[in-house]
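Residue numbers (UniProt numbering), protein chains in the order written: chain G, 1 to 585; chain X, 1 to 585.
Protein chains: 2
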Amino acid sequence: MSTDILRMSELYAPTLKETPTDAEIASHQLLLRAGFIRKTASGIYTFLPLGYKVIKKIENIVREEMDAIGSQEILMPVLQPAELWHESGRWNDYGPELMRLCDRHDHDVCLGPTHEELIVALVRNELRSYKQLPLTLYQIQVKFRDEIRPRFGLLRSREFIMKDAYSYHTSQESLQQTYDDMMEAYGRICDRTGLDYRPVQADGGQIGGSVTCEFMALADAGEAELVYCSCGYAANTEAGECIAFPTVYDVPAMEKIATPGVHTIAELAEFLGIPETSTVKALSGKNDEGKLVVLFVPGDHEVNELKAARVAGGFSLLTDEDMEAYGLHKGSMGPVGLPEGAYVIADRSLQAVPKWVVGANEDGFHLVGAQPGVDFTVDEWADLSTVKPGDSCPECGLPLESARGIEVSQVFQLGDKYSRAMNATYMAEDGSEQPYIMGCYGVGISRTMAAIVEQHNDEHGISWPASVAPAHVCIVPLTVGDEDVQPVAEKLARDLAELGVEVVIDDRKERPGVKFADADLIGWPIQVVVGKRGLAEGNVEVKRRSTGERRDVSLTTLEEMVSFSKRNGADIPKVIASLRGMVEG
Amino acid sequence: MSTDILRMSELYAPTLKETPTDAEIASHQLLLRAGFIRKTASGIYTFLPLGYKVIKKIENIVREEMDAIGSQEILMPVLQPAELWHESGRWNDYGPELMRLCDRHDHDVCLGPTHEELIVALVRNELRSYKQLPLTLYQIQVKFRDEIRPRFGLLRSREFIMKDAYSYHTSQESLQQTYDDMMEAYGRICDRTGLDYRPVQADGGQIGGSVTCEFMALADAGEAELVYCSCGYAANTEAGECIAFPTVYDVPAMEKIATPGVHTIAELAEFLGIPETSTVKALSGKNDEGKLVVLFVPGDHEVNELKAARVAGGFSLLTDEDMEAYGLHKGSMGPVGLPEGAYVIADRSLQAVPKWVVGANEDGFHLVGAQPGVDFTVDEWADLSTVKPGDSCPECGLPLESARGIEVSQVFQLGDKYSRAMNATYMAEDGSEQPYIMGCYGVGISRTMAAIVEQHNDEHGISWPASVAPAHVCIVPLTVGDEDVQPVAEKLARDLAELGVEVVIDDRKERPGVKFADADLIGWPIQVVVGKRGLAEGNVEVKRRSTGERRDVSLTTLEEMVSFSKRNGADIPKVIASLRGMVEG
Chain G
1 MSTDILRMSE LYAPTLKETP TDAEIASHQL LLRAGFIRKT ASGIYTFLPL GYKVIKKIEN
61 IVREEMDAIG SQEILMPVLQ PAELWHESGR WNDYGPELMR LCDRHDHDVC LGPTHEELIV
121 ALVRNELRSY KQLPLTLYQI QVKFRDEIRP RFGLLRSREF IMKDAYSYHT SQESLQQTYD
181 DMMEAYGRIC DRTGLDYRPV QADGGQIGGS VTCEFMALAD AGEAELVYCS CGYAANTEAG
241 ECIAFPTVYD VPAMEKIATP GVHTIAELAE FLGIPETSTV KALSGKNDEG KLVVLFVPGD
301 HEVNELKAAR VAGGFSLLTD EDMEAYGLHK GSMGPVGLPE GAYVIADRSL QAVPKWVVGA
361 NEDGFHLVGA QPGVDFTVDE WADLSTVKPG DSCPECGLPL ESARGIEVSQ VFQLGDKYSR
421 AMNATYMAED GSEQPYIMGC YGVGISRTMA AIVEQHNDEH GISWPASVAP AHVCIVPLTV
481 GDEDVQPVAE KLARDLAELG VEVVIDDRKE RPGVKFADAD LIGWPIQVVV GKRGLAEGNV
541 EVKRRSTGER RDVSLTTLEE MVSFSKRNGA DIPKVIASLR GMVEG
Chain X
1 MSTDILRMSE LYAPTLKETP TDAEIASHQL LLRAGFIRKT ASGIYTFLPL GYKVIKKIEN
61 IVREEMDAIG SQEILMPVLQ PAELWHESGR WNDYGPELMR LCDRHDHDVC LGPTHEELIV
121 ALVRNELRSY KQLPLTLYQI QVKFRDEIRP RFGLLRSREF IMKDAYSYHT SQESLQQTYD
181 DMMEAYGRIC DRTGLDYRPV QADGGQIGGS VTCEFMALAD AGEAELVYCS CGYAANTEAG
241 ECIAFPTVYD VPAMEKIATP GVHTIAELAE FLGIPETSTV KALSGKNDEG KLVVLFVPGD
301 HEVNELKAAR VAGGFSLLTD EDMEAYGLHK GSMGPVGLPE GAYVIADRSL QAVPKWVVGA
361 NEDGFHLVGA QPGVDFTVDE WADLSTVKPG DSCPECGLPL ESARGIEVSQ VFQLGDKYSR
421 AMNATYMAED GSEQPYIMGC YGVGISRTMA AIVEQHNDEH GISWPASVAP AHVCIVPLTV
481 GDEDVQPVAE KLARDLAELG VEVVIDDRKE RPGVKFADAD LIGWPIQVVV GKRGLAEGNV
541 EVKRRSTGER RDVSLTTLEE MVSFSKRNGA DIPKVIASLR GMVEG
């Protein structure tokens, strides 16, 4: 194979006519069908030549943006000693996603799913002075997470490629500065890889960290749900603040009503002939100290257990046995007549509801007109519900809309969580020892590749943005070896390659239909078709994959563009824009 | 940090004054001291910014050479399912170097030490026609081998970076063609990374394959011993053909001599007053079928157990109990009076020796004048000894010399070993199903980095070849912030950076001595020192790290070189050559 021009006759890119049965979403199906990836085992993939070309392009975009904000590239090992994970406490906390093994000398090691422990251990005896801070290090590396149900191809795999960066600071202000730089860099990475995305408020999860933001590529195949507003606000529904609009069912006084067979909010609303927004939903559990906690949210909302745990000091649902012991009834729990010592937390939105429709703590009965502060006490008002579309935007008050998204990257402010646990300090200006203030920042490289395909495909295949395409232009000679067609195709390929454009020539002895189908399936941004009939008029056909637009272009025009670009040192984006322009006329 | 110019004040490159106690060899010591790597666990390292810059340069050289011979880059996973290793038989054969774990669904997986199984499985249902062959795929990836005694830093680590390539063919001729291309590419890789090397005959080891060659970087720290000849011949002593020069101790007839207390060859030679070359050494063992095998080699040589196993059909030493059962005596074994059924193999070099000095199979006695064919029978003559310096070159007959080397890369002809075991076939031109003929080809990327340092260092530190240096030129302003010095240093840095040269500026507020020591330790190929005194005469000092030569150069000369290079579009090697030329005067 030439180093300059890819030849389809030599390229190893086996395409599939049939969609593999276990591939459910477009990116998984198309990356398999177009010969970009192959499955090696459940959740474990090999990148074939085309796939790895795309990965390298994404990596280079990420690398350029990291270097531009002064982050320095390193490479940490995959194998991580258990000792470091014991120091942070995560060896026990992490769960079965952490892949562990024992080496031949009986030392426990794990395969890195993330590198907080290593990055702290790496510098803790050497990055000693405040004068050396701030510092940001990053790596691009393979990561491991033993997903219980790997699926959706590269979106949820067990071995995947990530860029992870870590920063060390002397102050929150310095952390905020780097965090802001990273946010901007991540936006540019999404822009440059052609993603339609939203930065959204998120939850820290297992990494920890209170301030965090996810970059979501909007896609129906995404596993995350997010709410957003035209004002620019966006949040993961797992984390977003909920401001609901409950309605009031007004009755003169509290009354107990027989509701035989009514167990769900939907049944209750129907039975009373009121909207679900006028009802109140209850959920009971225990906090980490074993105390009974009863939560109330608007009937049309769900309790967000992450929020509940944060407010209540841990939260786990009661077992059926617990319920019975407390005399509580599923389907008719309420705030009146709770067991002694129960701690009642209600969603803030319910503060606007003076009279509640809620369970009576008696099977088959509900209360209407139950008044907080009169008929029962609320110990604490808090944000407890999972936000949903129609709720109020916390920034501007307009109703929120919802979408699904793929989390392609995330930034965290870790604070001193890891440096304190691992006793990693620097000497401050006043001579005291202080733990580093830290941030961490991840980009899913292989996941970004899948997200791009989710956003850039149609019924014919993939349509790569030029910035990450495995090559920019595919030249399709219709009759390989023809004495008119072949030399024109080859010269065009050479001319474009000399401008730095990445060119592939489909020199296979296949029917035109096969070549067109493969070119659309693989998704080269620009196709140039060279055929006998067009050449008779001095023309080739140029096609833009993303729009499907095609047009006859004279060879003279192409030659003029090439020689103009050579004289003027045009860069690749300019040449591609010229080719696109020819199609648009 | 600027994207163009590295600044020492921002670069994370912690240097150490003391040599770490567990680092025995130069590359390990210097890569730690100069801040290129840090140890994460036994045999497991992190590459710091400078170290990873060198790794990426080596990777890119390898990538260019692979692409140039038409090899296509892919990326296979680290995690490999046990099923595939059972197919090849290596799950049981590989030994404790293979790191294994069980995933959460109780499936056995291993961390790839090599990828023959995966590469065969990758294509076996898709690379179906002889028309698609030959094909060569490669990857650059982290590999795992659980060494029992990791040591020498990057030379023998448990997690390391390799390039591995695999080729598929329809014939031995086609394999030979790619094998030859790889040999040439590997030679160019060694040349371009600045290595003094020898391609040597080697043994296939655990990978298998009969035709194989190792590229050895010559270095005293190398774990391999090799013999070579001025005619160009070279071989690993584990694998090289042995042509020894035994001498004859002539006596009229066979005689049994009492040799009380004599157990070693040295003692026997001294006792008889003859050279060791006149004695014959014996070794007894069993082959894979349990048959007694007795081996004889010239007394000054050692039995090569790899050769013995190949000739005898497996070879394992007798236990003390076995020896006793057979009536054999360590220290006085010989060919006369061996147990019934013993199979006698003697080194070919002994064919030239009509009378042997050898054990008498009786404790405290030896034979002199024992004649093969008369007093005893040799069942088979073969190449059994480990070659050593002074033996005859198999190509030209001159005496061999010896050296130590670091194996940086190896090429193998695998034949159909893996494709046959894993039932991986293509359809041949005649319609029959045939197993692929295969080759595999590895380059140790991180090991190459260590080998370069072993060959390019002195008492002051590392001296990188420009092709793999973390940056080409270090500009050292002696007084940072000085109104004369600083602007000149910065302008020089910008001018060189605009030419594409990688520049680092030591803008730390440190004493000149510290800066000079660090520059020599880190090993930038060219240093440019900007000081007040020199500037007064319009000069800076340019130093070439590898030779230590230094010379005052006028700023005018430097400026002329820069503007000439800009006008003429000079490439980086030319600019560096110009700077070197200024030092050489």
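We put the beta carbon where it would ideally sit given N, CA and C, even for glycine. Here the structure is a predicted model, which is why all the values come from computation and not from measurement.
Neighbourhood of residue 47/X in chain G, by CB distance below 7 Å: 74 and 75, in chain order.
Neighbours of residue 452/G in chain X, taken as residues whose beta carbon is under 9 Å from its own, are absent, since the nearest beta carbon is some 17 Å off. One alpha carbon belongs to residue 547/X, the other to residue 141/G, and they sit about 38 Å apart. Its chain contains 237, 402 and 404 as the residues whose beta carbon lies nearer than 7 Å to that of residue 225/X, once the 5 sequence neighbours on both sides are disregarded; these appear in chain order. Residue nearest to residue 356/X within the set 436/X, 86/X and 253/X is 253/X (criterion: CA-CA distance).
Against chain G, a Cβ distance below 7 Å from residue 116/X picks out nothing, because the smallest value is about 14 Å. Restricting attention to beta strand (DSSP E) runs no shorter than 3 residues, the stretch 182-238 of chain X encloses them at 197-201, 211-218, 224-228 and 234-236, ordered along the chain. What residue 87/G touches in chain X, judged by beta-carbon distance under 9 Å, is nothing: the nearest beta carbon there is about 14 Å away. DSSP, reduced to helix, strand and coil, places residue 509/G outside both helices and strands of the structure shown, so it counts as coil. Proximity of the stretch 467-483 of chain X to the stretch 513-531 of chain X meets the contact definition, three or more beta-carbon pairs being nearer than 8 Å. Contact of residue 104/G with chain X is assigned, a C-beta pair being separated by under 8 Å. Taken through DSSP and simplified to helix, strand or coil, residue 565/X comes out as helix. With contacts defined by Cβ atoms closer than 8 Å, residue 242/G and residue 301/G form a contacting pair. Here residue 470/X has 50, 53 and 54 as same chain residues with Cβ atoms under 6 Å from its own Cβ, once five neighbours each way along the sequence are excluded.
Contact between the stretch 416-431 of chain G and the stretch 481-500 of chain G is absent, with fewer than three C-beta pairs closer than 8 Å.
DSSP, reduced to helix, strand and coil, places residue 71/G outside both helices and strands of the structure shown, so it counts as coil. For residue 99/X, the nearest CB of chain G lies under 8 Å from its own CB, placing it at the interface with that chain.
If you draw a straight line from the Cα of residue 211/X to the Cα of residue 235/X, it is about 13 Å long. Scanning 93/G, 454/G, 66/G and 217/G for the CA closest to the CA of residue 185/G turns up 66/G. When beta bridges are read from the DSSP output, residue 440/X appears opposite 166/X and 412/X. Counting only residues of its own chain and dropping the five nearest sequence neighbours on each side, residue 562/G has a CB closer than 6 Å to the CB of 495. With distances taken between CA atoms, residue 541/X lies nearest to 485/X out of 569/X, 523/X and 485/X.
By the Cβ test, the stretch 22-34 of chain X is not in contact with the stretch 555-570 of chain G, since fewer than three Cβ pairs between them sit closer than 8 Å.
Chain-order list of chain G residues neighbouring residue 146/X: 103, 104 and 105, by C-beta distance under 9 Å.
Within the stretch 121-136 of chain G, contact with chain X at the beta-carbon level (separation under 7 Å) is assigned to 122, 126 and 135.
The beta carbon of residue 233/X is closer than 6 Å to those of 393 and 395 in its chain, skipping five residues each way along the sequence.
In the DSSP annotation of this structure, residue 273/G is not part of any beta strand (DSSP E), being labelled neither H nor E.
Annotation for residue 379/G: 343, 344 and 345 place their beta carbon closer than 7 Å to its own, counting only its chain and skipping 5 residues before and after. Within 10 angstroms of the beta-carbon of residue 98/X lie 16 or more other beta-carbons, which makes it buried. Neighbours of residue 52/G across chain X, judged by C-beta separation under 7 Å: 73, 74 and 75.
Boundaries of the alpha helix (DSSP H) around residue 92/G: 90-93. By alpha-carbon distance to residue 179/X, the top candidate from 213/X, 455/X and 310/X is 213/X. For residue 425/G, the three-state secondary structure derived from DSSP is strand. For residue 349/X, the three-state secondary structure derived from DSSP is helix. Under DSSP, residue 356/X forms a beta bridge with 370/X. Within chain X, no residue has its beta carbon less than 9 Å from that of residue 348/G; the closest one is some 40 Å off.
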